[in-house]
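The sequence shown begins at 1 in full-length UniProt numbering and counts up by one.
Glycine included, C-beta positions come from ideal geometry on N, C-alpha and C.
Note that the structure is predicted; figures quoted are calculated from it, not measured.
Reviewing the structure listed below.
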Amino acid sequence: MSKESASPTVALVTGANQGIGYEIAKRLASEHPDYHVFMTGRRKEAIEKAASELQEAGLNVEPLVLDITSDDSIKSALDIIRSKFGHLDVLINNAGILSGKPEDSIRQKLTTVYDTNVFGTIAVTDAFIPLLCESTKVRRVVFTQYIVFLSFPHTLPPPRAPKDEAPRSHQDFYRCNCTTCHKAGFLHMRLASAPDDFLLLKPLDPYNDLGDYTVYEKDLHFLFCKTCGMRCFIVMGEGEVANVDLTTVKAGADADAGAGSGVEKGEEEAARGKDGAAAGEKSVTKVWRPRKQGWVEGKKFGSYLSVNGYSVDAGQDGFDLREITEKKWIGYCDWLELHSEGSQGTRHDRPWEGGAY
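In structure tokens form, the structure reads like this:
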């Protein structure tokens, strides 16, 4: 059969033998039967085992050895795909490491990390550009857009849950010490009041239209853009679609407009006409937001929402990642340390060593 007569959408996912890479490959092959997904990894035995699990489930995946730190390995993988299909439609750079060997010096550790996460990723992308240019598939770009409200100037929350009379001290910036968050460069922004402070403009059905990685018996959703893989926000709890006037809506009392917004307070809602609002009428937008009724803050047993700080547009009034970092507003949370006897809770002066899992 010629390459022309058999033209599946060809996708390649690096670091796909486990974790997020494995789930991405699984999701691509599950949702797109016309995809041929190359699952790559540097260890032949590991990637073949991972691929066989999905093949047994009837998914169209193929294992391929690819060590992104080896030019020879990259060329070998490139030649195989070129020979078999002559093009590549989707490239997902997922492979990466957290740190070098424990006994290595800091210089050796940084060299290892950069060689893999930076130079290796660039080398793979550069090598596969010619095959990507041979793709005849229609490119689709899906944007995730939302508004968040933050209170500035920021004050650090108390070490334990705030009292009822200080609800807006719930706002928190922190980095979880798990390996996944480190690899993804994930800065959590825990909003003061999620139902008041978060408006999702697109898509309006996040659980179905965004990538969804679930934990805690599928109650906690890690939602990410299906196009670029950026993790956008985490949510546990019910949501609702509402018509909101964005020219008047603002977060809870005394909160200045934060990242991605410069709008004021208000709650009036009405349906948008086909041609928009006439002069003097309210211009409303359909949004998805956390449902306020029944919303109880609490990550494990209640409701929870946090936004990836790096997915928020820079340059917005009141929001400056450098200021947040330099003023040590970012907490460093290690799950094991947080729940150990005598724990001092989250600390803000320096990160914890290593990952919790």
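As assigned by DSSP and simplified to three states, the class of residue i
{"i": "Pro130", "result": "helix"}
{"i": "Ile147", "result": "strand"}
{"i": "Arg82", "result": "helix"}
{"i": "Lys265", "result": "With a pLDDT of only 27 at Lys265, under the threshold of 50, the placement of this residue in the model should not be trusted, and no figure is reported."}
{"i": "Asp172", "result": "strand"}
{"i": "Leu200", "result": "strand"}
{"i": "Glu238", "result": "coil"}
{"i": "Ser297", "result": "Per the sequence presented here, residue 297 reads as Glu, with Ser not at that position. In this structure, Glu297 counts as strand in the three-state DSSP scheme."}
{"i": "Ala194", "result": "helix"}
{"i": "Lys137", "result": "coil"}
{"i": "Val312", "result": "coil"}
{"i": "Asp72", "result": "helix"}
{"i": "Glu103", "result": "coil"}
{"i": "Ile97", "result": "coil"}
{"i": "Leu66", "result": "coil"}
Where residue i falls, given that 16 or more other Cβ within 10 Å makes a residue buried
{"i": "Ser311", "result": "buried"}
{"i": "Ala57", "result": "exposed"}
{"i": "Tyr35", "result": "buried"}
{"i": "Ser340", "result": "exposed"}
{"i": "Thr325", "result": "exposed"}
{"i": "Thr346", "result": "buried"}
{"i": "Arg289", "result": "buried"}
Beta-carbon contacts of residue i that lie in its chain and below 7 Å, excluding the five residues immediately before and after
{"i": "Asp219", "result": "Met236"}
{"i": "Val61", "result": "Ala25, Ala29, Val37, Met39, Ala51, Leu54 and Gln55"}
{"i": "Leu88", "result": "Val10, Leu12, Ile81, Phe128, Leu131, Leu132 and Ser135"}
First and last residue of the uninterrupted alpha helix (DSSP H) at residue i
{"i": "residue 361", "result": "What is shown of the chain runs 1 to 357, which leaves residue 361 out entirely."}
{"i": "Arg43", "result": "No alpha helix (DSSP H) holds Arg43; DSSP gives it neither H nor E."}
{"i": "Arg27", "result": "Gly19 to Glu31"}
{"i": "Asp349", "result": "No alpha helix (DSSP H) contains Asp349, which DSSP labels as neither H nor E."}
Opening and closing residue of the beta strand (DSSP E) in which residue i lies
{"i": "Val118", "result": "Per DSSP, Val118 belongs to no beta strand (DSSP E) and is neither H nor E."}
{"i": "Ile92", "result": "Val90 to Ile92"}
{"i": "Gly331", "result": "Ile330 to Cys333"}
{"i": "Leu12", "result": "Thr9 to Val13"}
Identified DSSP bridge partners for residue i
{"i": "Phe233", "result": "Leu223 and Val307"}
{"i": "Pro206", "result": "Pro206 pairs with nothing; no bridge assigned."}
{"i": "Tyr213", "result": "Phe222"}
{"i": "Val61", "result": "Val37"}
{"i": "Lys286", "result": "Asn243"}
{"i": "Phe186", "result": "The partner list for Phe186 (beta bridge, DSSP) is empty, contrary to what the question assumes."}
Contact set for residue i: own chain, Cβ-Cβ below 6 Å, skip 5 residues either direction
{"i": "Leu210", "result": "Leu223"}
{"i": "Arg272", "result": "Any reading at Arg272 needs caution, since the residue's pLDDT is 31, under 50, leaving its predicted position unreliable; the model's value is listed next. The answer, listed in chain order, is Val284."}
{"i": "Ala77", "result": "Leu64 and Leu66"}
{"i": "Gly120", "result": "Ile68 and Thr69"}
Neighbourhood of residue i by C-beta distance below 8 Å, restricted to the same chain and skipping five residues each side
{"i": "Glu103", "result": "none"}
{"i": "Phe173", "result": "His154, Leu187, His188, Met189, Arg190, Gly309, Ile324, Trp329, Ile330 and Gly331"}
{"i": "Glu23", "result": "Tyr213"}
Residue i: CB within 6 Å of a non-hydrogen atom of the ligand GTP
{"i": "Arg107", "result": "Of the ligands one can find in the structure shown there are none, so the ligand GTP has no counterpart to examine."}
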